[in-house]
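Sequential numbering from 21 applies to the sequence shown in our numbering.
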Amino acid sequence: MMKILKNNHGEGTYIETVVFVLVVVIFLSFTLNLFSIISAKQQLDVCADQLTRQIQLSGEVDSDTDKLFNSICSGVKVLHDTKYTVNTTYHSGKKIQLGTPFEVKVTAKAYLGGFGDFGLFPINLVSVGAGVSEEYWK
Numbered sequence: 021m022m023k024i025l026k027n028n029h030g031e032g033t034y035i036e037t038v039v040f041v042l043v044v045v046i047f048l049s050f051t052l053n054l055f056s057i058i059s060a061k062q063q064l065d066v067c068a069d070q071l072t073r074q075i076q077l078s079g080e081v082d083s084d085t086d087k088l089f090n091s092i093c094s095g096v097k098v099l100h101d102t103k104y105t106v107n108t109t110y111h112s113g114k115k116i117q118l119g120t121p122f123e124v125k126v127t128a129k130a131y132l133g134g135f136g137d138f139g140l141f142p143i144n145l146v147s148v149g150a151g152v153s154e155e156y157w158k
C-alpha cells in the first residue's frame, strides 16, 4: 500500500484534472447566471422608464398602468416578487395634477444560484423613474 502512495508516475493528475474541470464548469455557470441578472436589471430599468412615461401622459395610476407593468415584467423569467410603487401627491383618487412630480420605483428579487433555480444568493434589484404629470385635472 505504501508503494502505491509513494508512486510518482502521474496518476494524481487525473484527479487534479477532474477537480479543475468541475471548478471551471461551476465558475461558468455562475458567470452565465450573473449575466442573466444584469440583463434582467436592464429590463427592469426599461420597465420603470415606460411606467413613468405612461403615468406622465395619462396623469393617473390606473388599470392601464397595471396592464403595462404586467406585460413588461411577464417576459423576464429571472425576476421574482416584482412590484412597483408610485410616490407622489395625488389630486383626487389616483390622479396626479399637471406639474406634480412623481417617482416610480420597481423592485424585484433575483437569485444567483448556479445550476438550476436553487436560490443560493438573493439579490434585490431596484429601478427608479421620475417624472412630472402632463395632465390637467379640474
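The beta carbon of each residue, even a glycine, is placed where N, CA and C say it ideally should be.
With respect to Val124, Val146 sits apart: the two C-beta atoms are not nearer than 9 angstroms.
A distance below 9 angstroms separates the beta carbons of Leu54 and Leu132. Under DSSP, no beta-bridge partner is assigned to Gly119.
One alpha carbon belongs to Thr37, the other to Gly95, and they sit about 40 angstroms apart. The segment 84-93 and the segment 41-52 do not touch, with fewer than 3 CB-CB distances between them shorter than 8 angstroms.
The DSSP-derived three-state label of Tyr131 is strand. DSSP lists Lys129 as the beta-bridge partner residues of Asn144.
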